[in-house]
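Enquirer: In the working numbering, the protein residues as written are 12 to 397.
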Amino acid sequence: MTPTPPAEITSPAQLLAALVRIPSVNPDGDPGSPHAGEAACARYVGDFLASQCGATVTYEEVLPGRPNVIGHLTPDPGDRRPRILFAPHTDTVSVTGMTIDPFGGEIRDGRVWGRGASDTKGTMAAMLWAFHELRDRWGEINATVSFAGFMGEETAQPGSRHFARHHRGEFDFAIVGEPTGLDVVYTHKGCVWVDLSVAGRACHGASPERGVNAITRLLPVLQAIDTELREELARFTDPVLGPATVNIGLIHGGSRTNIVPDHCAASLDFRETPALSAAGGAVGRLGALLHRHGWAETVAVKATVDTRPLDTDLQHPCVQKLLSLGARPVGAPWFCDAAWLSDLGGIPSVACGPGSIDQAHTEDEWLAIADLEAGADFYRRFLESL
12 MTPTPPAEIT SPAQLLAALV RIPSVNPDGD PGSPHAGEAA CARYVGDFLA SQCGATVTYE
72 EVLPGRPNVI GHLTPDPGDR RPRILFAPHT DTVSVTGMTI DPFGGEIRDG RVWGRGASDT
132 KGTMAAMLWA FHELRDRWGE INATVSFAGF MGEETAQPGS RHFARHHRGE FDFAIVGEPT
192 GLDVVYTHKG CVWVDLSVAG RACHGASPER GVNAITRLLP VLQAIDTELR EELARFTDPV
252 LGPATVNIGL IHGGSRTNIV PDHCAASLDF RETPALSAAG GAVGRLGALL HRHGWAETVA
312 VKATVDTRPL DTDLQHPCVQ KLLSLGARPV GAPWFCDAAW LSDLGGIPSV ACGPGSIDQA
372 HTEDEWLAIA DLEAGADFYR RFLESL
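(1) Return the bridge partner residues of residue 248 from the DSSP annotation.
(2) If you count every other CB in all the chains shown that lies within 10 Å of the CB of residue 173, and 16 or more means buried, which is it?
(3) Mind checking which residues open and close the alpha helix (DSSP H) that includes residue 104?
(4) Determine the direct distance from the alpha carbon of residue 310 to that of residue 54, and round the result to whole angstroms.
(5) By a C-beta neighbour count over all protein chains shown, 10 Å radius and 16 as the cutoff for buried, is residue 17 buried or exposed?
(6) How would you write the range of the alpha helix (DSSP H) that residue 346 sits in, first residue to last?
(7) Do you know how far the Cα of residue 314 is from the Cα of residue 204?
(8) For residue 376, does the count of other Cβ atoms within 10 angstroms reach 16, so buried, or fall short, so exposed?
(9) Suppose you measure from the CA of residue 32 to the CA of residue 45; what does that come to, to the nearest Å?
(10) Starting from the N-terminal side, write out each stretch of the beta strand (DSSP E) that is 3 residues or longer and does not extend beyond the stretch 73–153.
(11) Would you check if the distance between the CB atom of residue 36 and the CB atom of residue 29 is smaller than 8 Å?
(12) Might you give, ordered along the chain, the residues of its own chain that have their beta carbon closer than 6 Å to the beta carbon of residue 380, omitting 5 neighbours on each side?
(13) Going by other Cβ atoms of all chains shown within 10 Å of its Cβ, with 16 needed for buried, is residue 217 buried or exposed?
(14) In angstroms with no decimal places, state the Cα-to-Cα distance between residue 223 and residue 273.
(15) Between residue 103 and residue 364, is the Cβ-Cβ spacing less than 8 Å?
(16) When the Cβ atoms of the stretch 292–312 are set against those of the stretch 326–346, are three or more pairs found closer than 8 Å?
(17) Extract the residue ranges of the alpha helix (DSSP H) inside the stretch 180–245, only unbroken runs of 4 or more that lie entirely within it.
(18) Should residue 3 go down as buried or exposed, given a rule of 16 or more other Cβ atoms within 10 Å for buried?
(19) For residue 66, which three-state DSSP category applies?
(20) On the three-pair Cβ rule with 8 Å, is the stretch 325–334 touching the stretch 164–182?
(21) Using 10 angstroms around the beta-carbon of residue 79, count the other beta-carbons present and answer buried if the total reaches 16, otherwise exposed.
(22) Do residue 206 and residue 129 have their C-beta atoms closer together than 8 Å?
(23) In the DSSP assignment, find the unbroken alpha helix (DSSP H) run with residue 302 in it and report its ends.
(24) Rounded C-beta distance between residue 287 and residue 255? I'm assuming under 8 Å.
(25) Within the chosen definition, does the stretch 90–108 reach the stretch 132–140 through at least 3 CB pairs nearer than 8 Å?
(26) Compare the beta carbon distance of residue 240 and residue 321 with 8 Å and say whether it is the shorter of the two.
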């Protein structure tokens, strides 16, 4: 279906439906659609910001054909009014396996259906609608307000990392759009993925004593990780997030049953609490373990993902303002763009948006219209309260 032109949008549900009808699947992995990438969605959002919200809009291309869309809703008065950033992401996960039209944007049963309705075109629509309602009242708002729609959040977050590096120091607070039930996620764990590999020497399986079995070389390492290192990580427990953890997610070795394997590799998934990150992080603890056991020379270590935990001060004035409007302070088991804005950009950040994370990435993704409208109202009241 063709999205409704911005000038003809009359409700937040209609706006969300229009956004869902624009494919913006993250192209990494198996997108399940030939229409991958965020450019079309970013352009629609930019048009809505400019024509319906009075914003000045720019685009920053992070990867070829994959821009961030940035809108400034209020002029910078040059004083110390708080500089507030609203920041959802424009990409979605794959549409493979969906049981509804992923780009239908159907409105029925009090819901808007389709990929991204919950994660995070719903929060984006709520933000944009709040801006639309305030377009003739920006002079009353005691803040400078900006919007950034990030590309690539679902894989490696290049959009938020690029923005954080290029706009460091420009904002005092950021609200990242994620479906949190309008609770304020002020802390979450970091995610670190590590690949381990060892080499062996291949020979015929009938004479294994002539070779070096890479699988059996790696097995004691994995056993120590799953016991000794797991217990060590558990000491870095957060009162909200719980303990730091490790999961051995993948293992692969050898090429044939009758050949002694000359290689073996495993992939680890660490979830870091703020305390573990401050104490050198999971990679540092893993390195110490390998040195203690004399494995450091034989086990190759490569970190493939390294994201920081989020730990925003609950006493920040903007956090307290959100809480005064009825939001609860909570932690989350997932990672989002807020951590990059905080870590690389120096921007105190939280995640807060309408809808439930339980509906994100599902085969029949949807967002209740009542939740969408409540989100728009919440964002508008936050700005009015500053």
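The beta carbon of each residue, even a glycine, is placed where N, CA and C say it ideally should be. Source: prediction; values computed, not measured.
Expert: Here's the rundown:
(1) Counting from 1 along the sequence shown, the entry for residue 248 is found at position 237. Residue 248 is bridged to 254.
(2) The count along the sequence shown starts at 1 and reaches residue 173 at position 162. Answer is buried; the Cβ neighbour count reaches 16.
(3) Indexing the sequence shown from 1 puts residue 104 at position 93. That residue, residue 104, is in no alpha helix (DSSP H); it is neither H nor E in DSSP.
(4) The sequence position of residue 54 within the sequence shown is 43, counting from 1. The sequence position of residue 310 within the sequence shown is 299, counting from 1. Their Cα atoms are separated by approximately 47 Å.
(5) Counting from one through the sequence shown, the residue named residue 17 turns up at place 6. Per the 10 Å Cβ criterion, buried.
(6) Here residue 346 refers to the residue found at position 335 of the sequence shown. Run containing residue 346: none; DSSP gives neither H nor E here.
(7) Residue 204 sits at position 193 when you count from the first residue of the sequence shown. Residue 314 sits at position 303 when you count from the first residue of the sequence shown. Going from the Cα of residue 204 to the Cα of residue 314 covers about 6 Å.
(8) As a first step, residue 376 is located in the sequence shown; it is residue number 365 there, counting from the start. Classification for residue 376: buried.
(9) Along the sequence shown, read from residue 1 onward, the residue named residue 32 stands at position 21. Along the sequence shown, read from residue 1 onward, the residue named residue 45 stands at position 34. Cα to Cα, residue 32 sits roughly 14 Å from residue 45.
(10) 77–83, 94–98, 117–119, 122–124
(11) As a working note, residue 36 is residue 25 in the sequence shown. As a working note, residue 29 is residue 18 in the sequence shown. No.
(12) Here residue 380 is taken as the residue at index 369 of the sequence shown, counted from 1. So the qualifying residues of the chain are 24, 121.
(13) Here residue 217 is taken as the residue at index 206 of the sequence shown, counted from 1. Exposed: under 16 other Cβ atoms inside 10 Å.
(14) Translated into positions along the sequence shown, residue 223 becomes position 212. Translated into positions along the sequence shown, residue 273 becomes position 262. Each residue's alpha carbon lies about 7 Å from the other.
(15) The residue you call residue 103 lines up with position 92 of the sequence shown. The residue you call residue 364 lines up with position 353 of the sequence shown. In this structure, residue 364 does not lie closer than 8 Å to residue 103 by Cβ.
(16) no
(17) 225–235, 241–245
(18) Within the shown structure, residues of the chain are numbered from 12 to 397, placing residue 3 beyond reach of any answer.
(19) Taking the sequence shown and counting its residues from 1, one reaches residue 66 at position 55. It is coil, neither helix nor strand.
(20) no
(21) Along the sequence shown, one-based indexing puts residue 79 at 68. Label assigned to residue 79: buried.
(22) Start at 1 with the first residue of the sequence shown, and residue 206 comes out as number 195. Start at 1 with the first residue of the sequence shown, and residue 129 comes out as number 118. Not in contact: residue 206 and residue 129 (Cβ atoms no closer than 8 Å).
(23) As a first step, residue 302 must be located in the sequence shown, where it is residue number 291. Residues 292–303.
(24) Position 276 of the sequence shown, counted from the first residue, corresponds to residue 287. Position 244 of the sequence shown, counted from the first residue, corresponds to residue 255. Indeed they touch by this definition, with Cβ atoms about 4 Å apart.
(25) yes
(26) The sequence position of residue 240 within the sequence shown is 229, counting from 1. The sequence position of residue 321 within the sequence shown is 310, counting from 1. No, Cβ-Cβ distance for residue 240 and residue 321 is not below 8 Å.
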